[in-house]
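Residue numbers (numbering that gives the first Met the number 0), protein chains in the order written: chain A, 0 to 104; chain B, 0 to 313. Even for Gly, the Cβ is constructed at its ideal location relative to N, Cα and C. I have placed the structure first, in the form of structure tokens, so that the comments after it can refer back to it.
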Amino acid sequence: MQPELVDALFIDDAHRFTITEIVHITGLAAADVTVLVECGAIAPQDPGAAAWTFPAGSVDVARRARALRDEFALDDVHAVAIIVRFEQRMRTLEREIATLRARLG
Amino acid sequence: MKYKDYYATLGVARDADEAAIKSAYRKLARKYHPDVSTEKNAEERFKEVSEAYETLRDAEKRAAYDELGTHAQGQDFRPPPDWGSAFGAGAPGGAGGEGFDDIDLADLFAGFGRARGARAANAPIPGRDYEAAVRIPFEAAYHGTELELDLGGASIDDEGRVRRVSRPVKLRIPRGVVDGQRLRVPGKGGEGLRGGPAGDLYLDIRVDDHPLYRVDGTDIHVDLPLAPWEAALGATVKLPTPAGSVELKVPAGARAGQKLRLKGRGIARASGNGDLYAVVTIVMPTVIDERARELYAELAKASTFDPRPQFGGS
């Protein structure tokens with residue numbers, strides 16, 4: 000029997016995630032998510048709001064932090080957040096290089 | 000099933016304490032993690048050490064693993080009778096213990112933790128999210144495509160029994176994905192327990208390079224080679240695009256590096272397609288016959304064009 004055909008969806012950038020949702024999706028603790036905010040790895044939509052919400056991209060960053068923590072058996076979430084910041088900078092530079100290569104031919 | 004010596008994989012003694020196991024794993028993770036390793040077979044080795052650590056770091060899983068006894072690496076074996084029931088994991092396969100041959104050692108421990116939680120709380124447990132890396136050709140990314148994945152692996156029933164199942168899934172990849180993009184497939188992650196919802200499947204998309212097209216955001220760049228006379232006089236040339244060839248009118252006086260924009264023929268987006276840019280390059284013939292040489296000489300004599308004004312006179 001042929002498997003059912005299902006759609007892979009673009010991640011909706013308009014959706015906002017609460018800390019509770021990020022905790023549920025990623026397995027990080029709420030305190031870990033706060034550390035990611037403090038280190039600048041993710042940013043809430045409105046830092047002054049009573050209850051923070053985050054864009055979809057933050058879930059990917061938090062997921063990556065969890066993976067790094069587990070895969071390298073790191074204890075310090077602060078250190079993990081710093082690594083994530085370096086990775087973000089690296090990805091930005093890689094995209095800039097790809098753009099320049101495309102333009103220069 | 001085949002026995003895996005997790006202690007040997009991590010290079011620790013069977014009575015190693017938690018700290019020693021963690022330290023050994025950290026060293027091996029630094030050595031074999033695919034993001035930082037240059038070792039041959041790094042990904043495969045990392046999976047092995049991760050699997051070993053996943054079992055030995057958890058006190059209950061480690062105790063259950065030790066109860067399996069000691070065997071030679073790769074040796075065929077079966078768990079002792081009633082193994083696992085003491086840990087709430089249930090029996091592998093069916094009640095008669097059938098189906099060992101197609102179960103991986105790691106599958107035996109897949110039910111731990113989740114089965115404990117379910118027993119304790121009797122609450123629905125949502126399934127885990129899965130991640131898969133998918134590589135597709137440029138054309139498939141541009142036009143959209145369908146592909147099949149097998150998400151098979153260990154499946155835990157409500158009694159915590161482990162079975163290895165095949166889970167083929169057919170996915171429709173939308174058009175316009177770019178390299179590094181992430182897509183979500185709702186409900187195609189791990190099964191939930193006790194009526195909990197299934198997790199989602201996340202796809203990390205990698206797009207192969209194309210010999211002609213270069214992607215810049217949602218724009219596409221393609222080199223447009225022109226003969227010197229085509230650049231000078233203008234020409235109508237056939238230009239390939241991902242959506243099919245077009246006839247492109249090149250204006251007279253085209254210069255190397257100049258970009259001719261084809262609006263809306265880049266990567267598709269709901270918010271508006273990117274553009275396609277034909278980037279002019281001037282190509283000289285490799286063989287110049289006598290007649291062409293005469294014509295070039297005539298042009299050189301008649302023209303006052305200075306290609307090197309910055310050199311201050313030739």
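Rounded to the nearest whole angstrom, the C-alpha separation of residue 10/B and residue 24/A is 34 angstroms. Interface annotation for the segment 217-235 of chain B against chain A: 218, 219, 220 and 222, criterion Cβ-Cβ distance under 9 angstroms. Within chain B, the C-beta atoms nearer than 9 angstroms to that of residue 70/A come from 28, 32, 34, 45 and 49, in chain order. The C-alpha of residue 103/A is placed about 33 angstroms away from the C-alpha of residue 54/A. Closest option to residue 21/B, judged by alpha-carbon separation, among 32/A, 35/A, 96/A and 69/A: 69/A. Collapsing the DSSP output to three states places residue 171/B in a strand.
When the Cα atoms are used, residue 128/B and residue 1/B turn out to be separated by approximately 28 angstroms. Bounds of any beta strand (DSSP E) do not take in residue 150/B, whose DSSP letter is neither H nor E. One Cα belongs to residue 261/B, the other to residue 293/B, and the distance between them is close to 37 angstroms. With respect to chain A, the C-beta atom of residue 147/B has a partner C-beta closer than 8 angstroms. Here the alpha carbons of residue 226/B and residue 273/B stand approximately 28 angstroms from one another. By the criterion of a C-beta distance shorter than 6 angstroms, residue 141/B is surrounded in its chain by 241, once the five residues flanking it on both sides are discounted.
Put simply, the backbone Cα of residue 30/B is about 12 angstroms away from that of residue 46/B.
Chain A places a beta carbon closer than 8 angstroms to that of residue 215/B, counting this residue as a contact.
Take the alpha-carbon of residue 30/A and the one of residue 83/A: they are about 16 angstroms apart. Taking CB atoms only, residue 21/B has a neighbour in chain A less than 8 angstroms away.
Distance check between residue 3/A and each of 146/B, 250/B and 279/B places 146/B closest, using alpha-carbon atoms only.
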